[in-house]
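If you read the protein sequences in the order shown, they are chains A and B. For the first sequence, the numbering used here assigns the number 926 to the initial residue and increments by one for each residue that follows. For the second sequence, the numbering used here assigns the number 1127 to the initial residue and increments by one for each residue that follows. Everything below concerns the one structure shown next.
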Amino acid sequence: MHTEPSDILTISGLKKNFGGREVLTGIELAVPRGMIFTVLGPSGAGKSVLLKCLAGIITPDAGVIMFDGSALGENDFSRRDFRKRSAVLFQGNALFDSLTALENVSLPLEQTTQLDKDEIRARSLDSLRQLEMEDFRHHHPGELSGGMQKRLALARAIVTQPELVLFDEPTAGLDPLRRNAVFAMIAKYQRLARFTALIVTHDVPEAIVASDRVALLENGQIRFEGTPADFTSSSHPVVSMFRDSEAALRSTILSIRSPEPLPS
Amino acid sequence: MIRPIGRISLDVIGGLGDFSLFCGKSFLSLPRSRKLWQRFVRAVHEQGAVCLPVVMVVGVFTGLVLGLQGYHVLSRFGSEGLLGTMVSLSLVREMAPVLASLMLVGQAGSALAAELGIQRNTEQIAALETMGIDSIGYLVAPRLLASLLVYPAQAALFVVVGLWGGSVSGSMLLGVDSGVYWSAVDRAIEFHDLIECFSKASIFGLLATSICSYQGFHAGLNHATSGARAVSAATTRAVVLSSIMVLMSDYIISSFFV
């Protein structure tokens, strides 16, 4: 895979098996710096596994992940450097129930930096302020709505000023209005904090509007990569099948509701 | 026939190795752990204050039963005056460390395994690791440290309320002279009995807390189940294994002190 100096993350030949089932079968991908890059794909395509391999939660069976020009190992300096310079926003937010919003946001600074108490508090409050969560700093995650928890998780992710933020299905289980709000929030804070966003999702319309580049993952392989405009106009059969699934459903429903007898 | 035995043996050896590494990592992370004091205090509260009523109730009733049974056995030989000796030595050497630990396993140990299991299944542990935080040092190490303080303290409390329970049934209800009872208690307990009591309680605490932490921390990782079933299975394994290990190690430690 050709690597551009502007790419913050490049993945080549990434493979992962679970119990003999190949989930990732040789991923080749380059994520340009400072962009919102979305990996689309149907459920079970391997999107979350890809993200967890990048985050170091799952160890891939084969392949190379390069972050800012250095190959990531399992427990070496490059992985520690990656963890310092990146953040992950989990599907279920992964907030600590026993900590308040402010303590949740302060946690990575308290545990991984040498900053003094006042500096940690100031940076955490600033992060909460950016996400319009300052008034809820003494609330526990259980007292917040789903959207607020998502904002709190993003506040925690950006408090360390990461260069790369990985988003695992950020809109899973949300209604269309909240999905729009989450993508708008990502786009807004990506612009403000200038991090690179790598999102895995199956929400095509929102991703196309909010992303700078999109890729389609299907059956453990990247089938398409390009701009949202390329994706919309692509005649690639897998892309059109995934992109036009709503039209296909409409056609199926119309045929079911038609007066013609259903085929046995 | 040989193959399954071999597989089980390898699994047991592998599991023990994994558990030992887990415990080693927990202790090694202590010097590097930040804000340890806050998490230590919270762990002391979880294991200590929350479990206090249960330990006290069980301690009182154990003392009451020891007083009652001891009186009827000793009265056959006309030795009711030794009731204080019997109750105090039974409590200090065996009942207090073992029963207090089993109560703590049932309440604090199960809660610990379930909490860590849920944290594993809701990706909170993965989140710590992606933030570059040592998850074992953050979640497990303060609990292990707290167990070294809480288990002996709860055993001591168990002894105190158990002795009072013994005096209620022996002196107040069955007529043994109160002065004779407490004098026998005073003469019976020696320094090495207290050492035995606190050594046992500390070892039980470390064993139970590390087993419960290990089971919760790995809920759904080493087994085929996930989600709520994994947490429930991990909690059950934690309580059963901890209880068995408390009783097994009690025999081994007692054989050194007797």
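Here a beta-carbon is modelled for each residue, glycine too, at the ideal position from N, C-alpha and C. Remember, predicted model here, so these are calculated numbers, not experimental data.
Beta carbon proximity, residue i to chain B, threshold 8 Å
i, result
"Gln1036 (chain A)", "yes"
"Val1013 (chain A)", "yes"
Delimiting residues of the alpha helix (DSSP H) encompassing residue i
i, result
"Lys1042 (chain A)", "Lys1042 to Gln1055"
"Leu1024 (chain A)", "Where Leu1024 (chain A) is concerned, there is no enclosing alpha helix (DSSP H), given that its DSSP letter is neither H nor E."
"Lys977 (chain A)", "Lys972 to Ala980"
"Asp1303 (chain B)", "First-last for Asp1303 (chain B): undefined, no H or E at that position."
"Met991 (chain A)", "It is not in any alpha helix (DSSP H) - Met991 (chain A) instead sits in the beta strand (DSSP E) that spans Ala987 to Phe992."
"Gly1243 (chain B)", "Ser1236 to Asn1247"
"Ile1095 (chain B)", "Since the first residue shown for chain B is 1127 and the last is 1384, residue 1095 (chain B) is missing from the structure and cannot be characterised."
"Thr1335 (chain B)", "Phe1317 to Phe1343"
"Thr1256 (chain B)", "Gln1250 to Thr1256"
"Ile1262 (chain B)", "Ser1261 to Leu1265"
"Arg1219 (chain B)", "Careful: Arg1219 (chain B) lies outside any alpha helix (DSSP H) and carries neither H nor E."
"Ser1160 (chain A)", "Run containing Ser1160 (chain A): none; DSSP gives neither H nor E here."
"Gln1164 (chain B)", "Leu1162 to Val1170"
Chain A residues whose Cβ lies nearer than 7 Å to that of residue i
i, result
"Gln1068 (chain B)", "For residue 1068 (chain B) there is no data in the structure shown, the boundaries of chain B being 1127 and 1384."
Chain B residues whose Cβ lies nearer than 9 Å to that of residue i
i, result
"Ile982 (chain A)", "Glu1249, Ala1252, Glu1255 and Thr1256"
Any C-beta of chain A under 8 Å from that of residue i
i, result
"Lys1161 (chain B)", "yes"
"Tyr1264 (chain B)", "yes"
Listed by chain order, chain B residues near residue i by CB distance under 8 Å
i, result
"Pro1033 (chain A)", "Met1257, Gly1258 and Ile1259"
"Arg1005 (chain A)", "Gly1258"
Contacts that residue i makes with chain B (C-beta to C-beta distance below 7 Å)
i, result
"Lys1009 (chain A)", "Gly1258"
Delimiting residues of the beta strand (DSSP E) encompassing residue i
i, result
"Met1374 (chain B)", "Looking at the DSSP string, Met1374 (chain B) is not in any beta strand (DSSP E); the run it does join, the alpha helix (DSSP H), is Gly1353 to Phe1383."
"Thr935 (chain A)", "Asp932 to Phe943"
"Leu949 (chain A)", "Arg946 to Pro957"
"Glu1150 (chain A)", "Gln1146 to Gly1151"
"Ala1175 (chain B)", "That residue, Ala1175 (chain B), is in no beta strand (DSSP E); it is neither H nor E in DSSP."
"Thr1211 (chain B)", "Thr1211 (chain B) -> not in any beta strand (DSSP E); alpha helix (DSSP H) instead, spanning Leu1209 to Ser1216."
"Leu965 (chain A)", "Ile961 to Leu965"
"Ala1012 (chain A)", "Ser1011 to Leu1014"
Sequence-distant residues of the same chain with beta carbon closer than 7 Å to residue i, five excluded per side
i, result
"Val924 (chain A)", "This structure cannot speak to residue 924 (chain A), because chain A is shown only from 926 to 1189."
"Ser937 (chain A)", "Met926, Glu953, Gly988 and Val989"
"Pro1157 (chain B)", "none"
"Leu1200 (chain B)", "Glu1206, Leu1208, Leu1209 and Met1212"
"Gly1072 (chain A)", "Arg1103 and Ala1106"
Chain-order list of residues whose beta-carbon lies under 6 Å from that of residue i (same chain, five-residue window excluded)
i, result
"Arg1081 (chain A)", "Asn1029 and Val1030"
"Gln1016 (chain A)", "Asp1093, Glu1094 and Ala1097"
"Val1090 (chain A)", "Ala1012, Ala1082, Phe1120 and Ala1122"
"Phe1388 (chain B)", "Because chain B here runs from 1127 to 1384, residue 1388 (chain B) falls outside it and cannot be looked at."
"Leu1112 (chain B)", "Because residue 1112 (chain B) is not part of the residues shown, which for chain B are 1127 to 1384, the question remains open."
"Asn1018 (chain A)", "Gln1074 and Ala1078"
"Phe1343 (chain B)", "Leu1242"
"Leu1271 (chain B)", "Phe1166"
"Gly1291 (chain B)", "Val1186, Gly1189 and Leu1190"
"Ala996 (chain A)", "Val989"
"Ala1356 (chain B)", "Ala1345 and Gly1346"
"Phe1007 (chain A)", "Phe992 and Leu997"
"Phe1284 (chain B)", "Val1181, Gly1185, Ala1222 and Ala1226"
8 Å CB neighbourhood of residue i in its chain, flanking five on each side removed
i, result
"Ser1352 (chain B)", "Asn1247 and Gly1346"
"Leu1162 (chain B)", "Leu1156, Ala1267, Pro1268 and Leu1271"
"Ser1236 (chain B)", "Cys1338, Thr1361, Ala1364 and Val1365"
Contact test: residue i Cβ vs the ligand SAH heavy atom, cutoff 7 Å
i, result
"Leu1275 (chain B)", "What this structure holds is no ligand at all, so the ligand SAH is not there to describe."
Complete alpha helix (DSSP H) runs within the segment 1080-1147 of chain A (minimum length 4 residues, chain order): Runs of the alpha helix (DSSP H) spanning 4 or more residues and lying entirely within the segment 1080-1147 of chain A occur at 1101-1118 and 1129-1135, in chain order.
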